[in-house]
C-alpha cells in the first residue's frame with residue numbers, strides 16, 4: 167500500500183496532466199494562443215514544488231506550465247493568464263512564456279535561453295546577504311545549457327557559495343532539433359566535476375522517487391552552502407509549442423478523450439504511475455481528477 | 014584639487030559606504046588598478062559585500078537584476094561600455110520583465126557604474142562610446158558625471174534608489190581637472206542640468222561632450238558673448254522644457270554630441286524644439302566620420318569658427 171504522501175504526489179501529477187489536456191484542447195479549438203505545454207514534465211515539476219520551503223524560490227523557463235500549475239495548485243489563474251484576463255496569475259502582464267507567481271515563490275521566468283540562470287544566481291546571493299534561509303532552484307534544458315551563461319552561472323554560484331540547484335530538463339529537443347543534430351555530446355557531470363559541484367541524474371519519472379531525491383539534494387545544498395546540479399531524463403511528449411496535433415498529419419496526437427496517459431512509456435509520468443499503483447487506486451485518482459468540471 | 018577620476022571615486026565611495034547591505038561587485042574591483050581608479054577605497058555598511066568576480070559580464074548583469082528582485086542594492090563596477098554589450102539581453106529582456114510586472118518601489122536596486130573608453134588609442138574593440146544610444150535601446154536611464162554639481166545630484170538622487178540605471182564616467186577626462194561649477198537648474202529626473210545664464214546662445218553637451226561645451230562657453234566669454242550652458246543625459250521621456258525655453262530666448266543653439274552611433278540622442282532635442290515651433294539658428298557638432306581603427310578619440314570642435322559664426326549671425330526673428 168503506497169504511503170499517503172505518495173498518493174498525494176500521484177494525484178498532483180495526474181491533476182497537472184488533466185489541466186494540460188484542457189489547455190491543449192483549448193488550443194486545438196483555436197480559443198487560445200500557443201502555449202509551450204509540458205506533457206512528460208509533470209513528475210519533476212511536482213517533485214520540485216513539493217521540495218520547496220517557505221523562503222525558497224523557483225526560476226523558470228518558457229516551458230513553465232507544469233511548474234506554474236504545481237505552485238498555483240489550480241488551473242484557473244494559469245488559464246486566465248493565457249487568455250490575457252486580469253484574473254490571470256500575472257494579471258495578464260506576462261503571458262505564457264514569462265509567467266511568474268511571486269507569492270508562491272516564482273519571482274522570475276524567462277523566455278530567453280540561458281537568461282534565467284544569472285538572475286537565479288542574483289536571487290540566491292540576495293538570500294545570502296539578507297540572511298534568509300531558502301534556496302533557489304533554476305530550470306534549464308538541454309538546449310539552454312549550450313549557452314555560455316550555463317557555465318558562467320555554475321562558476322559564479324560555486325565561487326559565491328550560493329544555495330542553488332540547477333535542474334537541467336534533458337527532453338532531447340531544442341525546438342525541432344536533437345542534441346545529435348546540432349552539437350557534440352556534453353557530459354554535464356564532467357562540467358560539474360570540473361568545478362566540484364555535486365551532480366545527480368534523475369531517471370524513471372516516478373514522482374515519489376524524484377521528490378525524495380530532491381529533498382535530499384536540498385538538504386545537501388543547505389549543509390554544504392553551495393550549488394548542486396541535477397539532470398532529468400525526460401521527453402516532451404508533445405510539439406514544441408501549440409496544440410498537439412498541430413496539423414492533420416502531425417505524427418504526434420494528444421487527445422483528452424483517450425484518458426490521461428499520453429504514451430505507454432517510462433517517459434510518461436502518468437503511465438509510470440499506472441504501472442506502479444494498484445488498478446483500483448489508479449482508477450480512483452483518475453476519477454477524482456477527471457470529475458473536476460471546467461468551463462472557459 | 015584632485016583630478017576627475019580621483020574626485021569622482023571619492024564621491025562614489027563615500028555614498029556606497031552608506032548603502033545598507035549593499036553588494037558592490039565587478040572584475041578587479043578591489044585589486045590592481047581598481048578599475049583605473051574608479052573603485053578605490055570602497056567600503057560597505059554592515060552586512061554588505063565587496064565581491065571581486067570572474068570574467069562573466071552577462072552573468073554579472075543578470076545577477077544584478079536578480080539581487081534587485083531579491084531586495085538588495087547591487088552596484089556593478091565595470092571597466093568599459095564595450096563589456097556591457099554582453100549584458101544587453103538582461104537590459105532589454107530581464108529589465109522589461111521586472112518593470113512590467115513588479116512595483117519597483119518594493120524591490121532593491123541595480124546600478125552599473127562604469128568608465129566609457131572614449132580616450133582613444135585602445136584599438137578598434139575598446140572605443141564604443143555611444144552611451145545614450147546604447148541605453149535608449151532598452152529605455153534605461155543613464156547619467157554621465159561631468160562636474161562636481163551633476164555628480165553630487167546624480168549620485169544622491171539615483172544611487173541605491175529602487176530601479177535600474179547606468180552611471181558613466183569618461184576615460185578621456187580621467188586625468189583632467191575636475192570641473193567645479195554652480196548649478197542654475199536641474200530637472201527632477203536629472204536629464205538636464207543648467208550651469209550658466211546668458212543671451213547669445215544655448216549650448217548643450219550630450220554623451221561625453223559637456224567639457225567641450227564648457228570650453229566653448231569660455232571661448233565665447235573671451236569674445237564678450239554670453240551663453241546658457243547645459244548638460245543632457247539620456248533618460249526616457251526627458252524634461253527638455255528648460256532647454257526649449259532657453260532656445261526660445263537666445264534663438265541660437267549649439268549642440269555637441271560625441272557619440273559614434275548614427276541615432277544620436279541630441280536629435281531628440283532638436284525634434285522637440287522644432288515641434289515647439291521655434292525658429293532658431295543651430296550649430297550641430299557631431300562625429301561626421303568615424304575611424305574604426307586605432308585612433309585619437311578626441312572630439313574635434315572648431316571653437317573659433319563656432320564663436321565667430323555666433324558673433325556674426327543676427328538673431329532670427
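Residue numbers (this note's numbering), protein chains in the order written: chain A, 167 to 462; chain B, 14 to 330.
Think of the CB as a built atom: it goes at the ideal place given N, C-alpha and C, for glycine as much as any other residue.
Keep in mind it's a predicted model, so treat the numbers as computed, not measured.
Residue i to residue j span [Cα, whole Å]
i                      : j                      : result
residue 201 of chain A : residue 169 of chain A : 34 Å
residue 185 of chain B : residue 146 of chain B : 19 Å
residue 183 of chain A : residue 403 of chain A : 12 Å
residue 165 of chain B : residue 100 of chain B : 27 Å
residue 33 of chain B  : residue 122 of chain B : 11 Å
residue 306 of chain B : residue 16 of chain B  : 29 Å
residue 210 of chain A : residue 376 of chain A : 7 Å
residue 114 of chain B : residue 49 of chain B  : 38 Å
residue 232 of chain B : residue 289 of chain B : 29 Å
residue 420 of chain A : residue 410 of chain A : 6 Å
residue 346 of chain A : residue 119 of chain B : 45 Å
residue 322 of chain A : residue 287 of chain A : 7 Å
residue 297 of chain B : residue 260 of chain A : 42 Å
residue 436 of chain A : residue 219 of chain A : 25 Å
residue 224 of chain B : residue 318 of chain A : 39 Å
residue 319 of chain B : residue 222 of chain B : 15 Å
residue 170 of chain B : residue 189 of chain B : 25 Å
residue 459 of chain A : residue 155 of chain B : 52 Å
residue 27 of chain B  : residue 168 of chain B : 10 Å
residue 298 of chain A : residue 84 of chain B  : 11 Å
residue 150 of chain B : residue 287 of chain B : 24 Å
residue 111 of chain B : residue 326 of chain B : 50 Å
Whole-number beta carbon distance between residue j and residue i, since they are thought to touch under 8 Å
i                      : j                      : result
residue 38 of chain B  : residue 64 of chain B  : 4 Å
residue 204 of chain B : residue 175 of chain B : Wrong, their Cβ atoms sit about 19 Å apart, outside the cutoff.
residue 243 of chain B : residue 207 of chain B : 5 Å
residue 447 of chain A : residue 180 of chain A : Their Cβ separation, rounded to whole angstroms, is 11 Å, which puts residue 447 of chain A and residue 180 of chain A out of contact at 8 Å.
residue 97 of chain B  : residue 87 of chain B  : Not a contact, Cβ separation roughly 15 Å.
residue 323 of chain B : residue 217 of chain B : Rounded, the Cβ-Cβ distance is 14 Å, inconsistent with contact.
residue 269 of chain B : residue 295 of chain B : That pair is no contact at about 12 Å.
residue 162 of chain B : residue 124 of chain B : Wrong, their Cβ atoms sit about 20 Å apart, outside the cutoff.
residue 308 of chain B : residue 259 of chain B : No, residue 308 of chain B and residue 259 of chain B are not in contact; Cβ-Cβ is about 34 Å, not under 8 Å.
residue 102 of chain B : residue 71 of chain B  : 7 Å
residue 107 of chain B : residue 75 of chain B  : 6 Å
residue 234 of chain A : residue 272 of chain A : 7 Å
Residue(s) in a DSSP beta bridge with residue i
i                      : result
residue 367 of chain A : A/397
residue 274 of chain A : A/225
residue 198 of chain B : B/207
residue 90 of chain B  : B/126
residue 241 of chain B : B/215
residue 155 of chain B : B/179
Minimum C-alpha distance to residue i - residue among the options
i                      : options                       : result
residue 236 of chain A : A/357, A/217 and A/330        : A/217
residue 230 of chain A : A/266, A/332 and A/389        : A/266
residue 278 of chain B : B/239, B/138 and B/148        : B/148
residue 207 of chain A : A/459, A/448, A/462 and A/432 : A/432
residue 306 of chain A : A/397, A/419, A/188 and A/374 : A/397
residue 51 of chain B  : B/70, B/319, B/94 and B/127   : B/127
residue 292 of chain A : A/282, A/328 and A/260        : A/328
residue 289 of chain A : A/253, A/233, A/264 and A/331 : A/331
residue 371 of chain A : A/407, A/190 and A/205        : A/205
residue 316 of chain A : A/262, A/301, A/300 and A/333 : A/333
residue 212 of chain B : B/236, B/240 and B/187        : B/240
residue 422 of chain A : A/189, A/383, A/240 and A/358 : A/189
residue 247 of chain B : B/236, B/192, B/153 and B/259 : B/153
residue 344 of chain A : A/354, A/314, A/374 and A/309 : A/309
residue 23 of chain B  : B/14, B/53 and B/42           : B/53
residue 443 of chain A : A/356, A/324, A/382 and A/373 : A/373
residue 273 of chain B : B/45, B/321, B/325 and B/141  : B/141
residue 25 of chain B  : B/82, B/261, B/234 and B/90   : B/90
residue 262 of chain A : A/253, A/392, A/268 and A/245 : A/245
Own chain partners of residue i with C-beta closer than 8 Å, once the 5 adjacent residues on each side are dropped
i                      : result
residue 228 of chain B : 314 and 316
residue 138 of chain B : 95
residue 201 of chain B : 252
residue 61 of chain B  : 32, 33, 34, 35, 36 and 37
Beta-carbon contacts of residue i that lie in its chain and below 7 Å, excluding the five residues immediately before and after
i                      : result
residue 349 of chain A : 312
residue 66 of chain B  : 38, 39, 40 and 73
residue 21 of chain B  : 158, 164 and 182
residue 285 of chain B : 253 and 257
residue 379 of chain A : 366 and 368
residue 301 of chain A : 222, 329, 330, 331, 384, 387 and 388
residue 209 of chain B : 197, 230, 240, 241 and 242
Nonlocal neighbours in the same chain, by C-beta distance under 6 Å from residue i, ignoring five residues either side
i                      : result
residue 364 of chain A : 394
residue 225 of chain A : 274, 282, 286 and 304
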